[in-house]
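Structure first, commentary second.
Numbering (the working numbering), first residue to last: 5 to 96.
Right, here's the structure in full:
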């Protein structure tokens, strides 16, 4: 009988919010994954209460979650009101 050796690459697994699984070769950092996903963060747990720092190195064997960030509406610029004062002339 012979032995069989299988070389398996160390891959980092990231799950998108729609359930799609993405695999990345290690070493990889959070900011490298996020470069393709604006307004997102990476978390180790759901719900994503704590987002990983962009410089964090991701470790194979862990499951990471890509979570969308809440996008707030930018503040709207209010029109400036023009105020003018009339000069009162008081005659005595």
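C-beta: ideal position from N, C-alpha, C; glycine also.
Give the straight-line distance between the Cα atoms of residue 50 and residue 42, rounded to the nearest whole angstrom. For the purposes of this step, residue 50 is taken as the residue at position 46 of the chain shown. For the purposes of this step, residue 42 is taken as the residue at position 38 of the chain shown. Whole-angstrom Cα-Cα distance: 19 Å.
Verify whether the separation of the beta carbon atoms of residue 15 and residue 36 is less than 9 Å. Here residue 15 is taken as the residue at index 11 of the chain shown, counted from 1. Here residue 36 is taken as the residue at index 32 of the chain shown, counted from 1. No, these two residues do not count as a Cβ contact at 9 Å.
When the Cα of residue 22 is compared with those of 70, 28, 74, which residue comes out closest? One-based indexing of the chain shown puts residue 22 at position 18. When each option's Cα is compared against that of residue 22, the closest is 70.
Report back the beta-carbon spacing between residue 58 and residue 34 to the nearest angstrom; my notes put them in contact at under 8 Å. For the purposes of this step, residue 58 is taken as residue 54 along the chain shown, with counting starting at 1. For the purposes of this step, residue 34 is taken as residue 30 along the chain shown, with counting starting at 1. Indeed they touch by this definition, with Cβ atoms about 5 Å apart.
For residue 18, tell me which candidate among 73, 85, 68 has the shortest Cα-Cα distance. Start at 1 with the first residue of the chain shown, and residue 18 comes out as number 14. Cα-wise, what sits closest to residue 18 is 68.
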